[in-house]
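Single-structure report; data block below.
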Ligand SMILES: Nc1ncnc2c1ncn2[C@@H]1O[C@H](COP(=O)(O)OP(=O)(O)OP(=O)(O)O)[C@@H](O)[C@H]1O
Ligand SMILES: [Mg+2]
């Protein structure tokens, strides 16, 4: 049966450094949550704490009402009914596929017909019926990862943790494996926590995404909310490569819409809260789909580059009113570098005002780190 996970102010210190820093997160039974963040932000460490391979320095971890770990208590991994799938598959090379999948059952003294039947069901779930006698060395990367998933399936765990399980696979296999994970989740109903630094993977599969940076959770939201209305600049930049530009907030049109001035023109944007006094300066998140080449109106820009992408051309343009700022947009036709064109802005997202100067400063610092994406 699926189990909820409650993390309350969970921290992990290594040599005095907080690698996971006061993380609080409630995951519902059967929910699929992705932990998304850049390398070194503490994703694996958090997963290892949930699995029981790592103790907590402070805070509390519960599965439903059951205390699993805190500063002075640590339930051993074998008693947590948690399965973990690694990037490296972690299959036993000397065992056959069937033996690998049956191994956790053997450890739990499940034998004979029941073990054989659970192994067969698990292999069927991942489309590997008939592969029982093969060795891992005789399988492709995708097949090996499916064996690891079948092993996890056979255990009937209440929680499944996945640490970058697709990182070693090529891009075509990844798409079909995403489907396998979704089906696995639907069939087992297990609570799933999926670690990745690939936002498209997180978007494709998760019910909610927790964006992490430097040991902290910056924001937790559904993929759609995180993409369309991020709360901070750091998340706006990290998810969907949002470009953040200054604007003047002119007026509140309604609960969801405001009028702003940007690049010498005015446009309507979406907002999730405005400063109490207007006009005021604001920060606007613009993605490629918020910009379009037009014949007249909009703002003037110079084409920096044009790359043919098949269905569209990716243009990078520089607004005349903001020299040095590079904006990306998709156009139906290629353009000549140096050409002057008009660009319309639509449906941009006005970031909510920061709580105070200190928060704003922290967000900017985090954003500069996350801007690598
Ligand atoms: N046992 C350890 N002792 C000391 N430092 C550690 C230990 N394990 C992890 N760290 C450090 O903690 C930080 C977070 O590591 P972690 O593996 O959790 O990051 P991650 O988000 O999973 O990164 P990646 O995406 O590269 O896998 C890193 O700076 C890492 O060097
Ligand atoms: Mg990791």
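Residue numbers (this note's numbering): 235 to 607.
Idealized CB from N, CA, C, for every residue including glycine.
Beta bridge counterpart(s) of residue i as assigned by DSSP
i           : result
residue 397 : 320, 429
residue 481 : 516
residue 451 : 446
residue 304 : 294
residue 266 : 426
residue 241 : 259, 295
residue 499 : 496
residue 534 : 576
residue 550 : 539, 562
residue 326 : Paired residue(s): none; residue 326 is not in a bridge.
residue 282 : Residue 282 pairs with nothing; no bridge assigned.
residue 246 : 254
residue 505 : 584
residue 525 : 579
residue 491 : 504
residue 486 : 492
From the options, residue whose alpha carbon lies closest to that of residue i
i           : options            : result
residue 382 : 477, 317, 521      : 317
residue 534 : 525, 555, 523      : 555
residue 375 : 410, 578, 364      : 410
residue 314 : 489, 542, 546, 425 : 425
residue 251 : 260, 291, 304, 277 : 291
residue 576 : 528, 584, 585, 243 : 528
residue 499 : 507, 480, 488      : 480
residue 320 : 347, 397, 263      : 397
residue 451 : 248, 235, 259, 567 : 259
residue 553 : 536, 547, 544      : 536
residue 486 : 467, 511, 311, 478 : 511
residue 419 : 574, 268, 254, 253 : 268
residue 349 : 470, 335, 293      : 335
residue 235 : 455, 423, 310, 257 : 423
residue 353 : 263, 344, 472, 332 : 332
residue 322 : 273, 399, 550      : 399
residue 261 : 310, 545, 395      : 395
residue 312 : 299, 305, 342      : 342
residue 361 : 551, 377, 547      : 377
residue 386 : 373, 372, 412, 355 : 355
residue 526 : 544, 548, 458, 538 : 548
C-beta atoms of residue i and residue j nearer than 9 angstroms
i           : j           : result
residue 366 : residue 408 : no
residue 496 : residue 427 : no
residue 402 : residue 379 : yes
residue 297 : residue 237 : yes
residue 368 : residue 414 : no
residue 189 : residue 476 : Since the first residue shown for the chain is 235 and the last is 607, residue 189 is missing from the structure and cannot be characterised.
residue 509 : residue 484 : no
residue 676 : residue 565 : No answer is possible for residue 676: the residues shown for the chain start at 235 and end at 607.
residue 359 : residue 421 : yes
residue 568 : residue 542 : yes
residue 326 : residue 370 : yes
residue 431 : residue 293 : no
residue 254 : residue 289 : no
residue 482 : residue 494 : yes
residue 449 : residue 310 : no
Integer-rounded CB distance, given that residue j should sit under 8 angstroms from residue i
i           : j           : result
residue 388 : residue 339 : 6 angstroms
residue 393 : residue 239 : 7 angstroms
residue 276 : residue 446 : 6 angstroms
residue 563 : residue 519 : The pair is not a contact, with the Cβ atoms about 14 angstroms apart (cut-off 8 angstroms).
residue 439 : residue 416 : 6 angstroms
residue 357 : residue 324 : About 17 angstroms separates the two Cβ atoms, so there is no contact after all.
residue 301 : residue 241 : Contact flag wrong, Cβ pair sits at about 12 angstroms.
residue 248 : residue 441 : Going by Cβ atoms, the distance from residue 248 to residue 441 rounds to 31 angstroms, so no, they are not a contact pair.
residue 583 : residue 462 : 7 angstroms
residue 587 : residue 507 : 6 angstroms
Exposure label - residue i; buried when at least 16 CB within 10 Å
i           : result
residue 531 : exposed
residue 465 : buried
residue 284 : buried
residue 328 : exposed
residue 244 : buried
residue 602 : For residue 602, the pLDDT reaches just 40, beneath the cut-off of 50, and the residue's location in the model is therefore unreliable, leaving the point undetermined.
residue 523 : exposed
residue 303 : buried
residue 287 : exposed
residue 628 : As shown, the chain starts at 235 and ends at 607. That puts residue 628 outside it, with no answer to give.
residue 363 : exposed
residue 515 : exposed
residue 346 : exposed
residue 232 : A question about residue 232 goes unanswered here, because the residues of the chain that appear run from 235 up to 607.
residue 471 : buried
residue 305 : exposed
residue 599 : Bear in mind that a pLDDT of 42 at residue 599, under 50, signals an unreliable position, so the number given afterwards is only what the model happens to contain. Its Cβ having fewer than 16 others within 10 Å, residue 599 is exposed.
residue 468 : buried
Minimum Cβ-Cβ distance from residue i to chain C less than 9 angstroms
i           : result
residue 333 : Going by chain labels, chain C is absent from the structure shown, which holds only one protein chain.
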